[in-house]
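Participant: This is the structure, below, for whatever I ask next.
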């Protein structure tokens, strides 16, 4: 008689909403808790990429005070990203 193999799947966090879920046995590399989260994440990435391309086209043409304002905006954006990362870390169990 062969031994019964029991696979244990570590719980994962959804890349979009950070909810903990158990990946399906056939999909151990699953990144999202639901197809809806996968679609939302993909759409969000598309929007962010388009926004970044628009900004990249504008920035080289800025001069003087506009360039200074852009520097401040850039710092605020970086701060916002770091705040988001901090929130993500807080949601994850230690």
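Residue numbers (our numbering): 34 to 127. Ideal placement from N, C-alpha and C gives every residue a C-beta, glycine not left out.
1) Taking 8 Å as the cut-off, is the beta-carbon of residue 111 closer than that to any non-hydrogen atom of the ligand SAH?
2) According to the neighbour-count rule (16 or more other Cβ atoms, all chains shown, within 10 Å of its Cβ), is residue 49 buried or exposed?
3) Compare the beta carbon distance of residue 124 and residue 51 with 9 Å and say whether it is the shorter of the two.
4) Flag this pair as yes or no: are the beta carbons of residue 55 and residue 44 separated by less than 9 Å?
5) Can you list, in chain order, the residues of its chain with a C-beta nearer than 7 Å to that of residue 66? Leave out the 5 residues immediately preceding and following it.
Facilitator: Considering the structure as presented:
1) Among the components of this structure there are no ligands whatsoever, and the ligand SAH is therefore not found.
2) buried
3) yes
4) yes
5) 47, 50, 52, 54
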